[in-house]
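Each residue of the sequence shown is one higher than the last, beginning at 108 in our numbering.
Glycine included, C-beta positions come from ideal geometry on N, C-alpha and C.
Below: the structure, in structure tokens.
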Amino acid sequence: MAPTEIPESPETPKQSRRDFLSLSARAGVAMSMLGLSGPAQRPLVYPEREDPPPPHPLRILILGGTSFLGPQQIAYAMNRGHSITTFTRGRTKPTVHEKLFNEIEQLIGDREDNLEALRGRTWDAVIDNSGHRAKWTRDSAQLLRDTVDLYLYTSSTGVYYPYLGEDIREDTELVLEVPEGITEYESMEYGYGVMKTHSEIETKRAFGEDRSIIVRPTYMMGPADRTDRFPYWPVRLSRGGEVMVPGRGHDPVQYIDVRDVAGWMIRLIENRTTGTFNAVGPPSKTGMHGFVYGAHAAFNSAVSFVRIPDYDFLKEHDVTVVVPWIMPVGNDAGSARVNFERALAHGLTHRPLAESMRDIYEWWHSDAITEERRVNMVSGEKSLMAREASIIAAWKARK
Ligand SMILES: NC(=O)c1ccc[n+]([C@@H]2O[C@H](COP(=O)([O-])OP(=O)(O)OC[C@H]3O[C@@H](n4cnc5c(N)ncnc54)[C@H](OP(=O)(O)O)[C@@H]3O)[C@@H](O)[C@H]2O)c1
């Protein structure tokens with residue numbers, strides 16, 4: 108089937124989930140072209156993923172587990188017969204898959220100064236999601252090195268800051284120290300990257316190359332996001348009207364659904380695939396316009412895109428980062444030019460963008476989200492959505 112062809116019967120039993128969803132996404136495009144409004148209907152059938160079964164059940168410890176990435180790892184792992192232990196301070200409550208938490212062991216402590224609950228215990232693998240300091244990773248990795256087989260550290264493509272390359276690969280040399288005399292923004296970016304780099308080093312120091320898995324995700328999106336970065340788009344696109352699209356059409360964007368990262372991490376552990384991997388999407392190179400059109404395919408609102416490609420104008424209006432778009436200049440020039448061939452070769456898969464958008468939209472309108480958070484996005488003090496109409500008006504007046 109040619110890429111643009113739509114099969115006659117969407118109900119064909121052998122149709123893959125990916126085909127099915129991309130079909131419904133294209134149907135969404137068609138509906139929006141017809142000018143119909145309101146959120147898209149959920150398709151009636153969701154075939155299960157067809158990932159091959161795991162070799163054998165594992166006991167997995169998650170340092171963290173209750174925020175964004177953790178619940179998705181738990182859901183995927185339990186669905187495949189693994190048993191899960193989490194380790195947190197007991198403060199953060201999950202906003203997805205809540206019921207599963209009744210079926211797992213939940214240990215309480217603090218990575219800063221109380222790892223007692225982990226002492227003397229054994230697991231097949233540990234996933235370190237909550238590593239916010241290199242010391243935390245050093246302490247837990249040293250404690251668990253003789254009682255756990257594999258250590259998966261959740262790093263970030265932030266280790267590549269400043270993003271100066273065209274094709275950033277896993278073997279890129281990483282910055283080890285935050286330089287002097289930099290701006291507040293740069294200091295935040297360097298600080299995060301340097302912390303992640305040192306945490307990776309601590310992982311490998313304790314577990315060795317042959318028992319360490321380092322996963323470096325780009326911006327993750329999906330239900331349970333604690334930031335409002337990606338939810339901005341489904342909320343904005345579903346509302347219709349004139350939508351500001353910052354940047355040039357081919358400005359590169361990269362992002363990945365948190366569920367694709369979560370499931371893949373579990374499969375890396377199952378298959379004992381060690382090494383360092385960039386966890387990045389979408390599967391083919393995408394520019395900002397491609398992202399916005401693809402995201403809108405989840406909705407049938409009537410929209411009119413107002414493209415603003417002028418970087419100077421955008422800077423004047425304080426629009427330099429609207430994730431996944433990051434103005435690709437200076438130290439951010441290559442932030443969305445990260446190569447992920449190695450991950451693809453080791454089983455990373457990507458669900459369709461429209462599926463992610465629709466699921467984020469539904470989660471955003473569920474009782475997992477407070478009304479205050481929803482209102483803030485649309486009209487809060489720092490809301491881009493609240494400023495959008497005046498930016499568009501200024502853009503039109505300027506032209
Ligand atoms: N979001 C993105 O786009 C993105 C991109 C690249 C990489 N990453 C990385 O992905 C990881 C995912 O994080 P996540 O929050 O989604 O993971 P998570 O496993 O869902 O949750 C992390 C949990 O860690 C616990 N925690 C925090 N401080 C703790 C402490 N001092 N001691 C013990 N537990 C503590 C928190 O629970 P309590 O509050 O109850 O302790 C929190 O629920 C992070 O390492 C992040 O840097 C994220």
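Inter-residue Cα distance where the pair is residue i and residue j
| i | j | result |
| --- | --- | --- |
| Arg-343 | Phe-406 | 10 angstroms |
| Asp-367 | Ala-386 | 9 angstroms |
| Arg-512 | Ala-331 | In this structure the chain extends from 108 to 506, so residue 512 is not present and cannot be described. |
| Thr-393 | Gln-361 | 7 angstroms |
| Asp-439 | His-163 | 43 angstroms |
| Tyr-260 | Gly-441 | 23 angstroms |
| Gly-288 | Tyr-326 | 27 angstroms |
| Ile-415 | Met-434 | 12 angstroms |
| Arg-166 | His-189 | 6 angstroms |
| Gly-454 | Phe-384 | 11 angstroms |
| Ile-467 | Gln-179 | 14 angstroms |
| Ala-241 | Asp-417 | 40 angstroms |
| Arg-276 | Val-322 | 13 angstroms |
| Glu-479 | Ala-501 | 29 angstroms |
6 angstroms Cβ shell around residue i - same chain, five flanking residues per side excluded
| i | result |
| --- | --- |
| Val-485 | Met-492 |
| Tyr-183 | Ala-369, Gly-370 and Ile-373 |
| Met-464 | Pro-341, Ala-402 and Ala-405 |
| Val-255 | Trp-230 and Val-233 |
| Val-413 | Glu-349, Met-351 and Ile-499 |
| Ala-443 | Pro-359, Val-360 and Gln-361 |
Residue closest to residue i, alpha-carbon to alpha-carbon, out of the options
| i | options | result |
| --- | --- | --- |
| Asp-217 | Trp-470, Phe-208, Phe-194 and Thr-383 | Phe-194 |
| Leu-199 | Asn-186, Gln-213, Leu-165 and Ile-191 | According to the sequence shown, residue 199 is Thr rather than Leu. Considering only alpha carbons, the answer is Gln-213. |
| Lys-489 | Arg-336, Glu-210 and Val-285 | Arg-336 |
| Leu-283 | His-163, Val-428 and Gly-300 | Gly-300 |
| Trp-243 | Ile-181, Leu-222 and Arg-505 | Leu-222 |
| Thr-173 | His-189, Ala-232 and Thr-202 | Thr-202 |
| Val-266 | Ala-232, Lys-303 and Gly-272 | Lys-303 |
| Ser-237 | Val-430, Gly-177, Gly-454 and His-424 | Gly-177 |
| Leu-204 | Arg-481, Ile-499, Trp-470 and Glu-478 | First, the amino acid is wrong: residue 204 is His here, not Leu. When each option's Cα is compared against that of His-204, the closest is Trp-470. |
| Ala-475 | Ala-504, Phe-175, Arg-444 and Val-429 | Phe-175 |
| Ser-345 | His-357, Val-399 and Arg-312 | Val-399 |
| Leu-251 | Lys-311, Met-395 and His-239 | Lys-311 |
| Gly-356 | Arg-333, Gly-347, Gly-397 and Val-365 | Gly-397 |
| Ile-308 | Met-295, Leu-271 and Gln-249 | Gln-249 |
| His-305 | Ser-263, Glu-291, Gly-329 and Tyr-339 | Ser-263 |
Three-state class that DSSP yields for residue i in the structure shown
| i | result |
| --- | --- |
| Tyr-326 | coil |
| Ser-190 | strand |
| Ile-321 | strand |
| Asn-385 | strand |
| Met-372 | helix |
| Ala-232 | strand |
| Met-464 | helix |
| Asn-221 | strand |
| Pro-178 | helix |
| Met-185 | helix |
| Val-482 | helix |
For residue j and residue i, believed in contact at Cβ under 8 angstroms, the rounded distance
| i | j | result |
| --- | --- | --- |
| Gly-388 | Ile-363 | 4 angstroms |
| Tyr-268 | Pro-286 | Between Pro-286 and Tyr-268 the Cβ distance is about 11 angstroms, and since that is not below 8 angstroms, they are no contact. |
| Pro-359 | His-457 | Rounded, the Cβ-Cβ distance is 16 angstroms, inconsistent with contact. |
| Asp-235 | Leu-281 | Contact doesn't hold; Cβ gap of about 18 angstroms is too wide. |
Cutoff 7 angstroms: residue i Cβ touching any chain D Cβ
| i | result |
| --- | --- |
| Ala-331 | No chain D is part of this structure, which consists of one protein chain only. |
Spatial neighbours of residue i in its chain, beta-carbon cut-off 8 angstroms, leaving aside the 5 residues before and after
| i | result |
| --- | --- |
| Asp-246 | Arg-218 and Leu-222 |
| Leu-257 | Asp-231, Ala-232, Val-233, Phe-314, Arg-318, Ser-319, Ile-320, Ile-376, Arg-379 and Thr-381 |
Same chain only: Cβ atoms within 7 angstroms of residue i, ignoring 5 sequence neighbours per side
| i | result |
| --- | --- |
| Asp-317 | Thr-381 |
| Ile-211 | Ile-181, Ile-191, Thr-192 and Thr-193 |
| Gly-347 | Ser-144, Ser-408, Ala-409 and Val-410 |
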